[in-house]
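K.L.:
Every letter in the first sequence is one number past the one before it in our numbering, and letter 42, counting from 1, is 26. One structure is given below, represented as structure tokens, and several questions about it will come after.
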Amino acid sequence: METITIDELYQTLYKNLGPRHWWPARSTEELICGMILVQNTNYKNVFKSLANLDAATNFGIDALLNLPEAKLQELIMPSGFYKNKSRYLRVVLTEYRNHYHQLAALDTASLRARLRSLPGVGNETADVLLLYVFMRPAFVADSYTRRLFRLIRKQDANYEQLQRAIVPAMHQRIQEAQEFHALLDDYGKLGSDVLDLGNRYRLDV
DNA sequence: GGCCAGGACACCA
DNA sequence: TGGTGTCATGGC
């Protein structure tokens, strides 16, 4: 078995999978909606909800926030958990509309803590918001990512533990950090048929 | 027809 | 700190 570094892992994934074009969205508002709606949900279902929202509001921030509660729930229903997600969407979109510049001025740690305090924003959603909305380098230790790193590190780790281990070993620009997350998740979906990293490599961090 | 998806949260011990 | 139940739809 061959040892691999974080950089080499990134390069290996990139060479085999190519650019993943994440996060798919035409506006920041659509990005935020997708991030909430995709929680524990297949993105194929999310696309249906996003199409509904687009048709109803064209992703105008005020149009989104002015939707009656019942209408918003109806539009996002294909993504499941629609009662929770409608509430989370309102909170995060309101925060974005009213406080974006204040948030953008914060250092990354303070910004993450602020995002994390919002209902519906857990570890993963906070980190994808940092990565794709606020353009801060972040490492998203989601379930796909933890599964792969469990295989190549030969040890288990929860979200925070994996972040503490990996972040110091990363030295990526924002675009690479974004691509890394996309590559890790798409690798998780495609499975080891394409590239059996778990049986080939060992990562010592 | 069962399993799962690009989680978060409340509750419990 | 860690485990479990709940939220819910649609694709495969």
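Yeah, the Cβ is synthetic: ideal placement off N, Cα and C, and Gly gets one too.
1) Terminal residues of the continuous alpha helix (DSSP H) containing R96?
2) Can you tell me where the beta strand (DSSP E) with R186 in it begins and where it stops?
3) Which residue wins for smallest C-alpha separation from A40, given the options E108, Q145, K55, Q159?
4) Name the two residues that bound the continuous beta strand (DSSP E) containing T(-13).
5) Should R131 go down as buried or exposed, given a rule of 16 or more other Cβ atoms within 10 Å for buried?
6) Would you say H165 and L115 are within 8 Å of each other, going by their C-beta atoms?
7) Given T109, which residues of its chain have a CB within under 6 Å of its CB, disregarding the five upstream and five downstream residues?
8) Please report the distance separating the alpha-carbon of L99 from that of R4.
9) Do you know how far the Cα of M(-15) is from the Cα of L51?
10) Compare the beta carbon distance of E79 and L102 with 8 Å and say whether it is the shorter of the two.
11) When the Cα atoms are used, what is the spatial distance from G75 to T(-13)?
12) Are the beta-carbon atoms belonging to S63 and L21 less than 8 Å from one another?
13) Where does V105 sit, in a helix, a strand or coil, going by DSSP?
14) Could you pull out every unbroken alpha helix (DSSP H) segment of at least 4 residues lying fully inside the stretch 135 to 167, listed in chain order?
P.N.:
In short, the structure shows the following:
1) 92 to 100
2) 185 to 187
3) K55
4) -14 to -12
5) exposed
6) yes
7) Within the same chain, T109 has close Cβ partners M19.
8) 26 Å
9) CA-to-CA, the gap between L51 and M(-15) works out to about 55 Å.
10) Yes; because the gap between Cβ atoms is below 8 Å, this pair is in contact.
11) A small fix is needed here, since residue 75 is Val in this sequence, not Gly. V75 and T(-13): Cα-Cα distance of roughly 44 Å.
12) yes
13) coil
14) 143 to 150
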